[in-house]
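Asks: Numbering (this note's numbering), first residue to last: 36 to 143.
No residue lacks a Cβ here, since even glycine has one placed at the ideal position from N, Cα and C.
What follows is the structure, given as structure tokens:
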């Protein structure tokens, strides 16, 4: 049995956006689907990061959980928060969870 790894999705786009999409695809020597996939991947990565940062800033999640939501390592999340000058919400619970996460990362 062959499993599908992709799915067809239909979307309506403004004509000028389609023209730019075609231009980018031609210059990159790939099809329009590839360009759309890359754009969506970038947007979704940024969206996840935004949600992780908001949740962390509001104290709703720990640093480890924020990193998990964002799809990055704890160390990367620390760097991201520092770059954006977001104050640490770090406490003992975070330390314990982060140590567990780090031990898990090292075993992979």
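Within 10 angstroms of the Cβ of residue 78, are there 16 or more other Cβ atoms? Answer buried if so, exposed if not.
Replies: When all chains shown are included, residue 78 counts as exposed.
Asks: My parser needs the alpha helix (DSSP H) runs of 4 or more residues fully inside the segment 91-132; what are they?
Replies: Within the segment 91-132, the complete alpha helix (DSSP H) runs of at least 4 residues are 98-105, 109-118.
Asks: Can you tell me where the alpha helix (DSSP H) holding residue 61 begins and where it ends?
Replies: Unbroken alpha helix (DSSP H) run through residue 61: 50-63.
Asks: Is residue 40 helix, strand or coil when you go by DSSP?
Replies: It is coil, neither helix nor strand.
Asks: Taking just the CA atoms, how far does residue 53 sit from residue 137?
Replies: The straight-line gap from Cα to Cα measures roughly 44 Å.
Asks: Residue 121: buried (16+ other C-beta within 10 angstroms of its C-beta) or exposed?
Replies: Residue 121 should be labelled exposed.
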